[in-house]
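Take a look at the structure below.
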Amino acid sequence: MGRYVVRRLLQMIPVFIGSTLLIFLMVNVMGDPIAGLCGERACDPATAAQLKREFGLDKPVWQQYATYMGNVFTGDFGTAFNGQKVTELMSSAFPVTIRLTVVAILFEIVVGIALGVVTGLRRGRPVDTGVLLGTLVVISVPTFVTGLLLQLLLGVEWGWVRPSVSPAAAFDELIVPGLVLASVSLAYVTRLTRTSIAENKRSDYVRTAIAKGLPRHRVVVRHLLRNSLIPVVTFIGTDIGALMGGAIVTERIFNIHGVGYQLYQGILRQNTQTVVGFVTVLVLVFLVANLLVDLLYAVLDPRIRYA
Numbered sequence: 001m002g003r004y005v006v007r008r009l010l011q012m013i014p015v016f017i018g019s020t021l022l023i024f025l026m027v028n029v030m031g032d033p034i035a036g037l038c039g040e041r042a043c044d045p046a047t048a049a050q051l052k053r054e055f056g057l058d059k060p061v062w063q064q065y066a067t068y069m070g071n072v073f074t075g076d077f078g079t080a081f082n083g084q085k086v087t088e089l090m091s092s093a094f095p096v097t098i099r100l101t102v103v104a105i106l107f108e109i110v111v112g113i114a115l116g117v118v119t120g121l122r123r124g125r126p127v128d129t130g131v132l133l134g135t136l137v138v139i140s141v142p143t144f145v146t147g148l149l150l151q152l153l154l155g156v157e158w159g160w161v162r163p164s165v166s167p168a169a170a171f172d173e174l175i176v177p178g179l180v181l182a183s184v185s186l187a188y189v190t191r192l193t194r195t196s197i198a199e200n201k202r203s204d205y206v207r208t209a210i211a212k213g214l215p216r217h218r219v220v221v222r223h224l225l226r227n228s229l230i231p232v233v234t235f236i237g238t239d240i241g242a243l244m245g246g247a248i249v250t251e252r253i254f255n256i257h258g259v260g261y262q263l264y265q266g267i268l269r270q271n272t273q274t275v276v277g278f279v280t281v282l283v284l285v286f287l288v289a290n291l292l293v294d295l296l297y298a299v300l301d302p303r304i305r306y307a
């Protein structure tokens, strides 16, 4: 196991460098950040040249990337065009988005897996058909429609929650935004769990456990569910980074100043330092989540061993 972890950590290095290089090149090729900094009126040549020297934009792209990566390994993600350190933006944005992501993941795990188990054990029955139709509707409706609808009904019409989240962004305020953020993934988790449960239910080890007289709940939890969760864990693990990076729409609807909000502002103002810095951290989140998922395989299935 130890050698496998070391090998995976070494494999993450070229993946991290390649991903950040691609993102850095895409962001720098998208447009002129100095034009975005100057606003609607174009900068005069002298001001533009001074700003490029100040932010290092007058150097070749490869040299900019080398300087950026050197600073990243020292914990310096650069300075935004408004003079604020990107690390300061991260310190205020990431805790909010992490709380929002935790709420969303809990919805996926608790509600999604529970519905998947129920429908997988009762495949073909009315409850199975109803859940399948419901998840299909959730997948078909865009997230911004779901968010605006819940905000209108629960926040404006019925007054059950606040229409927008306060700057503190406590967990209780993030329940509805977390449900909106997790809605599509929750539907996929439900359908994936249902399919896996239905397939493994016909396996020999399940029939053997039943023939030995084990209680039904023990057969489901200890044998059936444990082996059926491997594809679900894979999906949820890769979904963590996607939820954190894809929360732009949800955070805009509920006025949450998290990672999605900062990315939106950075893209809108062509603030390359902010965009590249936040995406760099999200790449690390993806890599760590995938590593943890691989390690969880051995916990869920004792047959899996890492040399």
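The sequence shown begins at 1 in the UniProt record's numbering and counts up by one.
Even glycine gets a Cβ: it sits at the ideal position worked out from N, Cα and C.
If you're wondering where the values come from, they're calculated on a predicted model, not measured in any experiment.
Where residue i falls: helix, strand or coil (DSSP)
i, result
"K85", "strand"
"T74", "coil"
Alpha-carbon spacing of residue i relative to residue j, whole angstroms
i, j, result
"I197", "P60", "54 Å"
"Q265", "E251", "12 Å"
"V161", "R207", "47 Å"
"R3", "L287", "18 Å"
"V96", "D128", "36 Å"
"F144", "I210", "46 Å"
"A114", "T190", "8 Å"
"R125", "V131", "10 Å"
"L292", "I240", "11 Å"
"residue 309", "V103", "Outside the shown range of the chain (1 to 307) lies residue 309, about which nothing can therefore be said."
"I105", "G159", "25 Å"
"A169", "S92", "11 Å"
"L181", "L225", "26 Å"
"F235", "Q50", "47 Å"
"Q11", "L263", "28 Å"
"G112", "T67", "44 Å"
"G70", "V110", "42 Å"
"M219", "R194", "It is Val, not Met, that sits at residue 219 in the sequence shown. Rounded to whole angstroms, V219 to R194 spans 16 Å at the Cα level."
Pair within 8 Å by beta-carbon distance, residue i and residue j
i, j, result
"G78", "G245", "no"
"F254", "P177", "yes"
"L243", "T101", "yes"
"Y188", "I230", "no"
"L192", "G120", "no"
"E157", "V165", "no"
"I248", "V184", "no"
"F24", "Y65", "yes"
"residue 323", "R53", "Past the boundaries of the shown model lies residue 323; the chain is included only from 1 to 307, so the question cannot be answered."
"F73", "L179", "no"
"A48", "Q273", "no"
Proximity test, residue i beta-carbon vs the ligand NAD heavy atom, cut-off 7 Å
i, result
"L152", "As presented, the structure is devoid of all ligands, the ligand NAD included, so that no description of it is given."
| Touch test, the region 203 to 223 against the region 276 to 285, Cβ-Cβ under 8 Å, three pairs minimum | The region 203 to 223, when compared against the region 276 to 285, does not touch it at the 8 Å Cβ threshold.
| alpha helix (DSSP H) runs wholly inside the region 246 to 280, at least 4 long, in chain order | 248 to 253, 259 to 268, all fully within the region 246 to 280.
| query | Whole alpha helix (DSSP H) runs in the region 123 to 192 with 4 or more residues, listed along the chain? | reply | 126 to 140, 143 to 150
| query | Does the region 83 to 97 come within contact of the region 259 to 277, defined as at least 3 CB pairs closer than 8 Å? | reply | Flag = yes, the region 83 to 97 and the region 259 to 277 touch.
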